[in-house]
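Start counting the sequence shown at 1; every next residue gets the next number (full-length UniProt numbering). Below: the structure, in structure tokens.
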Amino acid sequence: MSTATLLLNPIAFSIGAIKVHWYGLILGLAALVGLYLAIREGKRFGIPQDFFMDMLLLGVPSAIIGARIYYVAFKWEDYRDNLWDVFKIWNGGIAIYGALIGAIICAVIYFRYKGYNFWRIADICAPGLLIGQAIGRWGNFVNQEAYGGPTEETFLRNQLHLPDFIVNQMNVNGVFHHPTFLYESLWSIVGVILLLVIRRMKFVRAGEMFAFYFIWYSIGRFFIERVRTDSLAFQGPDWMASFLNALWSPMVWLGFEPGYLDPNYGNVRISQLLAIFIIVAAVIFILVRRRKGSSVARYSDPIVSSKMGIDQVPDVTPEQASRPGQETVPPTVTADKHPKEETDEDKKEHL
């Protein structure tokens, strides 16, 4: 095994004394791609792009703050004597689940302020969130963090057929590691494709796209998390640790081994436990809302803000917008083209 460590420079460029990190640029690209998907889908429902742009301007800072607070809370011993390090997010150390908590809190307030139903807009944003996570993981790659346990160079080159720039970056102090950032990125990309297909299905109801996003991401995160060596963890009961280990056991059959976790730090990985909770909660959410009839609105139904004037209501339905080239006629015009037939009394009046 090679003992050399070939690292990418985490600094993209400098402007005077200001250093611009690849990590920040990649996260910025992730946000823009996610915004593009949301704007494009929002057009089908007549939602102005300014709505999504304002959402991004509010949501990104909220997500970063939530992600950092979540991470620091579970790593407080590393920061309590160096509080300034709490703000050095360019060095890594943010948690996606914390980012989602921050973003959701912001979204609930913002959507309510704009008069939109939370679940309807969250459904539109789901693919954008997932593609953002897929791209954002490459920031971990540049920083050489969030990698998995040790593996052989031959596994990376001959079995996974990874290019040199990935293999070299996974060489940490002479030891090659699993590129868990890549596993999660690819899993998220597959999820985006599924979401884009599912949202065109007639049976999908409001809130279910967002729920499926959480289910898909959490399934992948549960299995990938245990391969990592930097997991946030806590000391839980033995039965809980054994239960999570049993659920993860199929990965052993595929040739994976758990990443090292200091037993003095914890025996239960927080992201694994949270992933199980989210999957169960999302499935219950879908079943209960369907059983009680709470999710009457379908994904394809028109979306109208409660604070929007009647003259601003879009005349084109999402189904019509998805069929370019066909002439669409507003409902008011359609009604005028098909007047009701005259009754016998009407005819007498004309006479």
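Glycine included, every Cβ here is placed at the ideal spot set by N, Cα and C. Computed from a predicted model, the values in this text were never measured in an experiment.
Quick check: Phe176 and Thr154, are their CB atoms within less than 7 Å of each other?
Residue numbering aside, residue 176 sits at position 176 when the sequence shown is read from its first letter. Residue numbering aside, residue 154 sits at position 154 when the sequence shown is read from its first letter. No, the Cβ-Cβ distance between Phe176 and Thr154 is not below 7 Å.
Check your understanding: From Phe45 to Arg157, what distance separates their C-alpha atoms?
Key -> Reading the sequence shown from its first residue, position 45 is the one you call residue 45. Reading the sequence shown from its first residue, position 157 is the one you call residue 157. Cα to Cα, the separation comes out at about 46 Å.
Taking Gly34 as the reference, give the member of Ser305, Leu56, Leu244 with the closest Cα.
Along the sequence shown, read from residue 1 onward, the residue named residue 34 stands at position 34. Looking at the Cα atoms, Leu56 is the closest of the given residues.
Check: In angstroms, rounded to a whole number, what distance separates the CA positions of Lys19 and Leu83?
Finding: Residue numbering aside, residue 19 sits at position 19 when the sequence shown is read from its first letter. Residue numbering aside, residue 83 sits at position 83 when the sequence shown is read from its first letter. Straight-line Cα distance between these residues: approximately 21 Å.
Check: How is Pro10 classed by DSSP in three states: helix, strand or coil?
Finding: Along the sequence shown, one-based indexing puts residue 10 at 10. DSSP places Pro10 in coil when its eight states are reduced to three.
| request: Can you tell me which of the three DSSP states Arg228 falls into? | output: Against the sequence shown, residue 228 aligns to sequence position 228. Strand.
- Message: Along the chain, where does the beta strand (DSSP E) containing Val20 start, and where does it finish?
- Response: Against the sequence shown, residue 20 aligns to sequence position 20. Annotation for Val20: the continuous beta strand (DSSP E) segment containing it runs 18-21.
Run through the segment 97-174 for me and flag every whole alpha helix (DSSP H) of 4 or more residues, listed as ranges in chain order.
-> 118-143, 164-169
task: Take Ile270 as the anchor and find which of Ile65, Ala31, Ile96 has the nearest alpha-carbon.
output: Reading the sequence shown from its first residue, position 270 is the one you call residue 270. For Ile270, the nearest C-alpha among the options comes from Ile96.
(message) Is it the case that the segment 191-210 contacts the segment 114-123, given that we only count it when at least three CB pairs across the two stretches are under 8 Å?
(response) yes
Three or more beta-carbon pairs under 8 Å between the segment 102-113 and the segment 59-72, yes or no?
Short answer: they touch.
Residue interval of the alpha helix (DSSP H) (run including Glu184): Stepping through the sequence shown from its first residue, residue 184 is reached at position 184. That run of the alpha helix (DSSP H) goes 180-198.
Practice item. Report the residue ranges of all alpha helix (DSSP H) runs contained in full by the segment 232-261; include only those spanning at least 4 residues, in chain order. Key: 238-248, 250-253
Nearest to Ser306 by alpha carbon, out of Arg112, Val72, Ile39?
On the sequence shown, position 306 is the one that residue 306 refers to. Ranking the options by Cα distance to Ser306, first place goes to Arg112.
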